[in-house]
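Asker: Below is one structure. I have some questions about it.
Protein chains in written order, with the numbering used here: chain A, 26 to 480; chain B, 2 to 180.
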């Protein structure tokens with residue numbers, strides 16, 4: 026079929042001659058094997074080291090306050106908010122793959138949706154740490170929650186920060202539910218194939234006693250479809266609310282109606298980049314090339330290119346509306362982005378997010394895993410730089426020149442950034458070790474449809 | 002439970018088509034027997050073959066959505082209009098557009114939580130053990146084999162027609178189980 030189009034080296038979603046048994050053996054074998062290679066262990070060591078740095082940083086922050094970061098007046102938001110927006114944006118990749126592509130009946134999502142959903146859960150969990158720590162007195166974060174307290178006051182319902190709290194709460198909870206429920210049949214497979222009673226008990230407990238009864242499948246499929254339908258508006262609303270944190274403020278460069286769709290596109294862009302950055306080494310190290318094929322990489326790259334073009338349009342629209350408005354403050358912020366002290370973040374963003382993805386127009390690039398990994402990595406860097414550029418160039422020189430100032434990151438700013446990557450990596454490595462990384466029951470459906478039965 | 006009371010035959014198949022065919026025939030030819038189908042992934046057409054209509058998950062999710070959304074909106078309205086109204090330059094206390102985001106998020110969360118609970122409770126989960134797990138062949142029900150369980154409660158029932166039907170089906174194996 027798509028061999029005619031010549032856009033992928035391997036036209037099928039599964040390698041040839043796959044059956045229910047080979048799928049089950051290959052995927053459950055990963056979780057049930059006794060030893061995991063040195064690369065996994067060394068990854069774990071790096072992740073643990075970074076996590077301890079983060080833990081130490083959090084302890085220091087609780088003792089000293091947010092002053093250990095480089096934030097100041099006028100730049101009261103910087104790395105922490107940047108990291109928050111970056112991580113939560115990455116989460117969109119998994120939700121889009123498991124929600125929107127499910128509704129669109131795109132079969133190619135079947136072998137990547139599990140690890141993409143795991144990525145979503147971990148990225149959203151990591152992102153939630155930052156706004157809480159940024160509160161100043163993080164131990165009072167529960168004041169955001171409406172409950173009848175002795176102070177007799179309520180949260181400020183009109184604040185976008187309060188909306189954000191509800192958005193993260195709902196997004197994280199729904200992502201965890203979706204991910205876990207979708208794993209139950211596969212956990213039952215691991216339970217039935219476990220070599221020891223202890224392993225069987227572990228997976229049996231998690232599988233909740235799933236038997237694969239036709240009635241159980243019926244409810245399971247209804248729920249999957251409805252959750253997919255809910256996940257799509259949820260993820261769009263979440264990223265819109267992240268954008269409203271900025272556009273609700275009357276600050277030049279932030280107060281713009283393009284922000285919600287722009288943030289949704291940016292989230293999708295970085296999410297797909299992370300799916301590629303995690304998937305390319307994972308398929309190689311776990312030997313999943315038969316399931317996550319070149320065609321998957323090719324499709325992911327196409328979606329990343331499309332999202333990147335929407336993001337490019339967002340950049341263009343911001344520049345255009347600044348000049349079209351003739352508002353002197355909007356213009357000043359825009360010119361500062363081009364030539365100011367942080368111009369390198371703007372041009373870095375353009376190189377990573379606009380220029381690098383133009384290579385994806387070529388089919389040969391899209392089917393080359395190494396190059397694709399490099400481009401996706403550049404996109405992740407670019408999306409982080411973009412948030413830094415958006416936040417700091419608006420803040421560091423505001424309306425009154427007497428209050429202008431610079432922002433310089435401290436050791437702890439860097440420590441929290443790389444520490445959060447360590448926490449994410451730790452959770453992902455444990456996921457890869459313990460849980461089924463590919464959805465076996467969905468691959469069985471693909472086998473039934475005859476994908477990969479001929480070559 | 003007394004093993005002589007409920008008995009069943011567990012019939013093993015290799016493909017979804019064979020299982021579907023078996024289910025259709027049992028339903029047509031053995032109206033006195035109860036039966037159930039098991040598979041490692043959903044088999045298309047199984048719902049129709051078994052005669053399932055509604056599973057109720059959607060209705061529960063709607064209820065959860067209404068509780069989450071209306072409940073959150075009511076809480077916002079009560080707290081901002083009645084319990085602690087703040088007059089900010091004469092602006093209305095019931096600023097409904099600003100109340101929608103939190104209500105929207107809780108609508109989705111309510112629907113998802115109710116949906117998951119409806120799926121689990123409707124499916125009788127969690128139930129960590131089940132008599133079927135004692136059947137040796139059933140281990141492969143979560144991997145690459147499909148099963149049909151034909152069972153009966155009456156110890157005096159004539160099970161000869163079941164055995165005959167099982168023989169005529171393209172079954173890989175037939176195992177007696179007690180529940």
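Cβ atoms here follow ideal geometry from the backbone N, Cα and C, with glycine treated the same way.
Going along the chain, which residues of the segment 117–145 of chain B sit with their C-beta nearer than 9 Å to a C-beta in chain A?
Answerer: The residues in question are 117, 119, 120, 121, 123, 124, 125, 126, 127, 128, 129, 130, 131, 133, 134, 139, 140, 141, 142, 143, 144, 145.
Asker: Can you tell me whether residue 145 of chain A is buried or exposed, with buried defined as 16 or more other CB within 10 angstroms of its CB?
Answerer: It is buried - the Cβ of residue 145 of chain A has at least 16 other Cβ atoms within 10 Å.
Asker: How long is the line joining the alpha carbons of residue 31 of chain A and residue 462 of chain A, rounded to whole angstroms?
Answerer: Note on residue 31 of chain A: pLDDT 37, under 50, position unreliable in the model; no value is reported.
Asker: Alpha helix (DSSP H) containing residue 267 of chain A: first to last residue?
Answerer: First-last of the alpha helix (DSSP H) with residue 267 of chain A: 239–272.
Asker: Can you tell me which of A:427, A:125, A:422, A:400 puts its alpha carbon nearest to the alpha carbon of residue 261 of chain A?
Answerer: Of the listed residues, the one whose Cα sits closest to residue 261 of chain A is A:125.
Asker: To the nearest whole angstrom, what separates the beta carbons of residue 73 of chain B and residue 107 of chain B, a pair I think is in contact under 8 Å?
Answerer: About 4 Å separates the two Cβ atoms, so the contact holds.
Asker: By how many angstroms is the C-alpha of residue 153 of chain B removed from the C-alpha of residue 4 of chain B?
Answerer: Confidence is the limiting factor: at residue 4 of chain B the pLDDT is only 43, short of 50, which leaves the residue's position unreliable and the question unanswerable from this model.
Asker: Which chain B residues are close to residue 217 of chain A, counting only those with a beta carbon under 9 Å from its beta carbon?
Answerer: Chain B residues near residue 217 of chain A: 134, 139, 140, 141, 142, 143, 144.
Asker: Contact defined as beta carbons within less than 8 Å: I believe residue 468 of chain A pairs with residue 316 of chain A. What is the distance between those atoms, to the nearest angstrom?
Answerer: At roughly 7 Å, the Cβ-Cβ gap stays under 8 Å, so residue 468 of chain A and residue 316 of chain A are in contact.
Asker: Closer than 8 Å, CB to CB, is residue 105 of chain B near chain A or not?
Answerer: Yes, its Cβ sits closer than 8 Å to a Cβ of chain A.
Asker: Please look up how many angstroms separate the CB atoms of residue 358 of chain A and residue 418 of chain A, rounded, as I've assumed it's under 8 Å.
Answerer: Between residue 418 of chain A and residue 358 of chain A the Cβ distance is about 6 Å, and since that is below 8 Å, they are a contact.
Asker: List the endpoints of the continuous alpha helix (DSSP H) containing residue 372 of chain A.
Answerer: Run containing residue 372 of chain A: 368–374, per the alpha helix (DSSP H) assignment.
Asker: Could you tell me the boundaries of the beta strand (DSSP E) in which residue 174 of chain B lies?
Answerer: Counting along the chain, the beta strand (DSSP E) containing residue 174 of chain B begins and ends at 174–179.
Asker: Between the beta-carbon of residue 388 of chain A and the beta-carbon of residue 78 of chain A, is there less than 8 Å?
Answerer: It is not a contact, given that the beta carbons lie outside the stated cut-off.
Asker: Whole angstroms is fine: what's the gap from residue 420 of chain A's alpha carbon to residue 108 of chain A's?
Answerer: Distance between the alpha carbons of residue 420 of chain A and residue 108 of chain A is about 17 Å.
Asker: Given residue 53 of chain A, which residues of its chain have a CB within under 6 Å of its CB, disregarding the five upstream and five downstream residues?
Answerer: So the list reads 214, 215, 218, once near-sequence residues are dropped.
Asker: For residue 142 of chain A, is the classification buried or exposed, using 16 other Cβ atoms within 10 angstroms of its Cβ as the cut-off for buried?
Answerer: By the neighbour-count rule (16 or more Cβ atoms within 10 Å), residue 142 of chain A is buried.
Asker: Ignoring anything shorter than 3 residues or poking outside the segment 81–108 of chain A, list the beta strand (DSSP E) runs there in chain order.
Answerer: If we require 3 residues or more, the segment 81–108 of chain A turns out to have no beta strand (DSSP E) run fully inside it.
Asker: Spatial neighbours of residue 286 of chain A within its chain, please: C-beta separation below 6 Å, excluding the five flanking residues on both sides.
Answerer: There are no such residues.
Asker: Go through its chain and collect everything with a Cβ distance to residue 310 of chain A's Cβ below 8 Å, but skip five positions before and after it.
Answerer: Contacts found: 62, 64, 65.
Asker: Identify, in the order they occur along the chain, each residue of the same chain with its Cβ nearer than 8 Å to the Cβ of residue 61 of chain B, setting aside the five sequence neighbours on each side.
Answerer: Here the set comprises 115, 116, 118, 119.
Asker: Quick check on the DSSP output: the alpha helix (DSSP H) that includes residue 12 of chain B runs from which residue to which?
Answerer: Premise fails: residue 12 of chain B lies in the beta strand (DSSP E), 8–14, not in any alpha helix (DSSP H).
Asker: Express the C-alpha separation of residue 42 of chain A and residue 479 of chain A in angstroms, rounding to a whole number.
Answerer: Confidence at residue 479 of chain A is low in this model, with a pLDDT of 38, below 50, so its placement is unreliable and the value that follows should be read with caution. The alpha-carbon atoms of residue 479 of chain A and residue 42 of chain A are separated by roughly 7 Å.
Asker: Alpha carbon to alpha carbon, what distance is there between residue 38 of chain B and residue 288 of chain A?
Answerer: The alpha-carbon atoms of residue 288 of chain A and residue 38 of chain B are separated by roughly 46 Å.
Asker: With 8 Å set as the bound, which would you pick, yes or no: does the beta-carbon of residue 17 of chain A sit closer than that to a beta-carbon of chain B?
Answerer: There is no way to answer for residue 17 of chain A, as the model of chain A reaches only from 26 to 480.
Asker: For residue 437 of chain A, list the residues DSSP reports as bridge partners.
Answerer: The partner list for residue 437 of chain A (beta bridge, DSSP) is empty, contrary to what the question assumes.
Asker: Curious, which full-length alpha helix (DSSP H) runs of at least 4 residues does the segment 318–369 of chain A contain?
Answerer: Correct list: 319–350, 353–364.
Asker: How would you call residue 210 of chain A, buried or exposed, if buried means at least 16 neighbouring beta carbons within 10 angstroms?
Answerer: With 16 or more Cβ atoms within 10 Å of its Cβ, residue 210 of chain A is classed as buried.
Asker: Could you have a look at residue 176 of chain A and say whether DSSP puts it in helix, strand or coil?
Answerer: The answer is coil: DSSP assigns residue 176 of chain A none of H, G, I, E or B.
Asker: Mind checking which residues open and close the beta strand (DSSP E) that includes residue 37 of chain B?
Answerer: Residue 37 of chain B -> beta strand (DSSP E) spans 35–39.
Asker: Step through the CB atoms of chain B and report whether any lies within less than 8 Å of the CB of residue 131 of chain A.
Answerer: Cβ-Cβ to chain B under 8 Å: no for residue 131 of chain A.
Asker: In chain order, what residues of the same chain have a beta carbon less than 6 Å from the beta carbon of residue 135 of chain B, not counting five sequence neighbours either side?
Answerer: Excluding sequence neighbours, residue 135 of chain B sits near nothing in its chain.
Asker: Which residues of chain A have a Cβ atom closer than 7 Å to the Cβ of residue 99 of chain B, listed in chain order?
Answerer: 182, 183, listed in chain order.
Asker: Compute the Euclidean distance between the alpha carbons of residue 189 of chain A and residue 195 of chain A, then round it to the nearest angstrom.
Answerer: Near 10 Å, if we compare the C-alpha coordinates of residue 195 of chain A and residue 189 of chain A.
Asker: Does any residue of chain A bring its CB to less than 8 Å from the CB of residue 81 of chain B?
Answerer: Interface residue, yes.
Asker: Is the Cβ of residue 227 of chain B closer than 8 Å to any Cβ of chain A?
Answerer: Residue 227 of chain B is absent from the model: chain B starts at 2 and stops at 180.
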